[in-house]
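Chemist: Below you will find the structure I want to go over with you.
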Amino acid sequence: MDAQPDPAAERDLFAAEDLTAAEAHAVASADLRAGVAWLAFGVAVLVGSITMDRLQNQHINPYTVPGLLPGCLGIATVLLGALLGIRSWRRGGRFLDVAWVRMSGAMVRRLAVVIGLVVVYSVVLVGHGLPFWLASAIFIVASILLLQRPQRAAAGRRLNARDVLFALTVGLASGWLITLVFQDAFLVRLP
Amino acid sequence: MSGLADLLQAYLGFMNPTSIALGLGGALLGIIVGILPGLSATLVIALLTTITIKLPAHNAILVLICSYVGALYGGSRTAILLNIPGTAANAASCADGYALAQRGEAGRAIGIATSGAFTGTLFGVLCLAAFTPSLAEVALSFGAYEFFWLALFGVTMSGTIVGNDPIKGWLMGALGLFVAQIGQEGLYAYNRFTFGWDELSGGISLIPALVGAFGLAEILTTLAEPAEKQLVELKDSVLPRFREVFQYWKTVLRSGVIGVLTGLLPGVGEDSGAWMSYAAAKATSKEKELFGKGSIDGLMAAETGDMASIPGHIIPALALGIPGSAPSAVLLAAMIIHGIQPGPMMMIEHPHFVYQVVAMTTLATITILIFGLFLVKPLLLILRIRRSVLMPVIYLLCTVGAFASASRLFDIYAMLAIGIGAFFLRRRGYQMAPFVLGLVLGPLLDKSLRRGLVLSDGSLAPFFTRPISLAFAIVTIFTMMLYIPAFKAGVQRVTGGFGSMVRSAVGRQPKGET
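Protein chains in written order, with the numbering used here: chain P, 568 to 758; chain U, 685 to 1198.
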């Protein structure tokens, strides 16, 4: 009987994949850099664990030093990072993930905007005296207006009062509703 | 008999308007989050843990379990109508569900998913009631050595099974275990890796980390790729189809058993329950050629399998304190927040709690049937909200969720850092589930290793010589070694085709998180 080759059964660490040469190269080189980064991280953890206080002045049992497990994890990370690096070095590149596609320029710009918005909201607006509902409303209005800009541009129209009114309504309503539900109904503290 | 009396007592305990309203609310939120592609059961449970923090323990856990069941159930809607799994567990339902929808039978597909989900969860609940007390009893004989291996086994299995690349899975597992070591350790209150930073001595809390990894990372993913897909029009009736449950009873029963068994394995995730049930149904079905093209058998298998694995995941979480998946890891953390420590001692300290969980899961099953009957069409309106509006609102919830459990601004910053880190790691094929398992099991692994070494006076022998330890050690090491080509070739020579058959069933995994 002819056995069908089963792709799942072929999962091993060094198998080659029928990727295009360019794809394989991209994955392999990305994984090689990642392997080196993991290796460095593992070494740092290991050094941190070895140099960690062994609490000898407290006369603790030497098998219970605080750095024991972190040290083992450092070694495991070094080994796995090296394995990842070696696999890429050999141009394996088998484990292509669908998410592994280069980001387009537009995507990078959108991402930068979103990260900028969440960082400003979480680090600057929240927790420094501004009421939560107000901080949230500002964040939502700014997010909606900025994130919908490409759509407006594609439709060839400019920002109008209706867009601003919509964003304001969503922003104020969600800020108010979250405060009401979390703080007043479920007695949860808000930042 | 006392077990039955406890169970009855537990059911009666939830027969009050407050509990029923909370259960329905939890399931409804779960379904809504499940319907939204990308937002996962883990996220909804983490966020609801925050909101229910001041509720009594039994009502809080009820809300969480209902949202867990609801999210996985809701995810099948998106799989059927959009061909995108609402949660990773619904990926196996996509092909057949979407094919049925394209034939104009979307309502029928949803009805089948509802009946499969209902029967699957109910079957799982029966197993939960039957096996948890006995497993906890067995686990009473476990010592530090067994728990060391169990924790390691959970993280390794999760790294092996989830995603496509075991090395990346194990690296994420190791990273999760490492992050769990940051802060004050349990034996001597020594600050590890805090670099003199006071905020870090409390450690990285689980809820902010999860909200970052599953919430913010998903918001970034969704907003970075703004492509919106077209919904398939829903024309026919969405009523549950119990006639098909009887017609395909073998599939339902088989998928129920597979779902519960995969649920029992630590770190494997709900999606494995669905894929393995699907693979088994395909292997035995009379209509193999229909699989992937609108097979009722396939859809039923996938939906029964993933839902049956929910109670399956709760079994080890309750009896051993080892969660089976990322959502059950949050559930476990929530139980600890509410003063119930899951694990072998739970049957002694809180003997009624297991039966309460059984009652909660049954209630959750009934709520999804109710929503499946009455609220399918209105709930789908949520998919029409623009992402540029919805996602910022979700981020507000993430911020509140990260902050509220400890009222620390530091938790918001941790959520932010982990979320942005998780986004970039996920794009490179690193999965979050092993990281979460590592984060949850890190303290147990550390404690068990050091306690074990004290007991054995530094000898590693008991880690390998006690029978249960030995079994876990063999399975853990064997699983990892299978990915070394020379070792695998040797095993294949010995076992012939058997190993590849089993691993092919396990190996077919979707990408994404539950």
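Heads up, the beta-carbon is just placed ideally off N, CA and C, and yes, glycines get one too.
Just the chain U side, please: which residues come within less than 8 angstroms of Pro633(P) by C-beta, in chain order?
Modeler: Residues of chain U passing the Cβ test: Glu869, Leu871, Tyr872, Tyr874, Arg876.
Chemist: Compute the Euclidean distance between the alpha carbons of Val944(U) and Thr840(U), then round it to the nearest angstrom.
Modeler: Each residue's alpha carbon lies about 20 angstroms from the other.
Chemist: Quick one: complete alpha helix (DSSP H) runs, 4+ long, within the stretch 752 to 817 of chain U?
Modeler: Correct list: 775 to 786.
Chemist: Can you tell me where the alpha helix (DSSP H) holding Tyr829(U) begins and where it ends?
Modeler: First-last of the alpha helix (DSSP H) with Tyr829(U): 828 to 845.
Chemist: Does the beta-carbon distance from Gly758(U) to Gly714(U) come in below 8 angstroms?
Modeler: Result yes, Cβ atoms of Gly758(U) and Gly714(U) sit closer than 8 angstroms.
Chemist: Is the separation between the beta-carbon of Ala790(U) and that of Leu918(U) shorter than 8 angstroms?
Modeler: Going by C-beta atoms, Ala790(U) is nearer than 8 angstroms to Leu918(U).
Chemist: Of the residues Gly843(U), Val863(U), Ala814(U), which one's Cα is nearest the Cα of Leu855(U)?
Modeler: The option with the nearest alpha carbon to Leu855(U) is Gly843(U).
Chemist: Could you say which of Val1084(U), Ser1072(U), Leu1047(U) lies nearest to Leu712(U) if we only look at CA atoms?
Modeler: Checking every option, the nearest Cα to that of Leu712(U) belongs to Leu1047(U).
Chemist: Answer yes or no: do Ile1006(U) and Leu1123(U) have a C-beta to C-beta separation smaller than 8 angstroms?
Modeler: Not a contact, by the Cβ cut-off of 8 angstroms.
Chemist: Going by C-alpha to C-alpha distance, which of Glu987(U), Pro850(U), Thr726(U) sits closest to Ala763(U)?
Modeler: Of Glu987(U), Pro850(U), Thr726(U), the residue nearest in Cα terms is Glu987(U).
Chemist: Where does Phe1037(U) land, buried or exposed, given buried means 16+ other C-beta within 10 angstroms?
Modeler: When all chains shown are included, Phe1037(U) counts as buried.
Chemist: Whole angstroms are fine: how far does the CA of Arg756(P) sit from the CA of Leu1060(U)?
Modeler: Note that residue 1060(U) is Val in the sequence shown, not Leu. Taking the straight line from one Cα to the other gives about 34 angstroms.
Chemist: Hey, would you say Leu904(U) sits closer than 8 angstroms to Arg1071(U), going by beta carbons?
Modeler: No, the Cβ-Cβ distance between Leu904(U) and Arg1071(U) is not below 8 angstroms.
Chemist: Beta carbons nearer than 8 angstroms to chain P: which residues of the stretch 967 to 992 of chain U have them?
Modeler: Result list empty, no residue passes.
Chemist: Compare the beta carbon distance of Val1178(U) and Leu1166(U) with 8 angstroms and say whether it is the shorter of the two.
Modeler: No; because the gap between Cβ atoms is not below 8 angstroms, this pair is not in contact.
Chemist: Which one of Ala1043(U), Asp1130(U), Val728(U), Thr736(U) has the shortest CA to CA distance from Asp751(P)?
Modeler: Minimum Cα distance to Asp751(P) is reached at Thr736(U).
Chemist: How would you list, in chain order, the residues of chain U whose beta-carbon sits under 8 angstroms from the beta-carbon of Thr644(P)?
Modeler: The answer, in chain order, is Leu855, Ala858, Leu859, Phe862.
Chemist: When the Cα atoms are used, what is the spatial distance from Ala755(U) to Ile719(U)?
Modeler: Spanning the two alpha carbons is a distance of roughly 7 angstroms.
Chemist: From the beta carbon of Ala657(P), is the nearest beta carbon of chain U less than 8 angstroms away?
Modeler: The residue asked about is misnamed: residue 657(P) is Arg in this sequence, not Ala. It does not: the Cβ of Arg657(P) has no partner Cβ on chain U nearer than 8 angstroms.
Chemist: Pairs of beta-carbons, one from the stretch 1073 to 1091 of chain U and one from the stretch 811 to 829 of chain U, closer than 8 angstroms: are there three or more?
Modeler: The stretch 1073 to 1091 of chain U, when compared against the stretch 811 to 829 of chain U, does not touch it at the 8 angstroms Cβ threshold.
Chemist: Kindly give me the distance between the Cβ atoms of Ala744(U) and Val1042(U), rounded to whole angstroms, as I take these residues to be in contact under 8 angstroms.
Modeler: So it is not a contact: roughly 17 angstroms between Cβ atoms.
Chemist: Could you tell me how far apart the beta carbons of Leu1100(U) and Gly896(U) are, in whole angstroms, since I believe they sit closer than 8 angstroms?
Modeler: 7 angstroms between Cβ atoms; contact.
Chemist: Which residues of chain U have a Cβ atom closer than 7 angstroms to the Cβ of Asn628(P), listed in chain order?
Modeler: Going along chain U in sequence order, the residues near Asn628(P) (Cβ under 7 angstroms) are Val1138.
Chemist: With DSSP as the reference, label Gly867(U) as helix, strand or coil.
Modeler: Gly867(U) falls in the strand class under three-state DSSP.
Chemist: What do you get for Val753(U), buried or exposed, if any count of 16 or more other CB atoms within 10 angstroms of its CB means buried?
Modeler: The residue in question, Val753(U), is buried, as its Cβ has 16 or more Cβ neighbours within 10 Å.
Chemist: Counting only C-beta atoms, is Asp620(P) closer than 8 angstroms to chain U at any point?
Modeler: Yes, its Cβ sits closer than 8 angstroms to a Cβ of chain U.
Chemist: Just confirm the distance between the C-beta atoms of Leu735(P) and Val693(P), as a whole number of angstroms; I'd bet it's less than 8 angstroms.
Modeler: That pair is no contact at about 19 angstroms.
Chemist: Kindly indicate the opening and closing residues of the alpha helix (DSSP H) around Asp730(P).
Modeler: Segment 728 to 745, the alpha helix (DSSP H) holding Asp730(P).
Chemist: In three-state terms, what does DSSP make of Asn743(U)?
Modeler: Reduced to three states, the DSSP call for Asn743(U) is helix.
Chemist: Nearest by alpha-carbon distance to Ile683(U): which of Gly951(U), Leu691(U), Leu900(U), Asn875(U) is it?
Modeler: This structure cannot settle anything about residue 683(U), because the visible part of chain U is limited to 685 through 1198.
Chemist: Report yes if the CB atom of Gly953(U) is closer than 8 angstroms to the CB atom of Ser1009(U), and no otherwise.
Modeler: For Gly953(U) and Ser1009(U), yes; Cβs fall inside 8 angstroms.
Chemist: Quick check: is the beta carbon of Arg1134(U) nearer than 8 angstroms to any beta carbon in chain P?
Modeler: So, interface residue.
Chemist: Cα separation between Gly742(P) and Leu726(P)?
Modeler: Each residue's alpha carbon lies about 23 angstroms from the other.
Chemist: Between Gln1025(U) and chain P, is the shortest Cβ-Cβ distance under 8 angstroms, so that the two count as touching?
Modeler: Gln1025(U) does not count as touching chain P.
Chemist: Does the structure place the stretch 723 to 738 of chain U close enough to the stretch 686 to 696 of chain U that three or more beta carbon pairs sit under 8 angstroms?
Modeler: The answer is no - the stretch 723 to 738 of chain U does not touch the stretch 686 to 696 of chain U, with fewer than three Cβ pairs under 8 angstroms.
Chemist: For chain U, check one thing: does any of its Cβ atoms lie closer than 8 angstroms to the Cβ of Trp605(P)?
Modeler: Cβ-Cβ to chain U under 8 angstroms: yes for Trp605(P).
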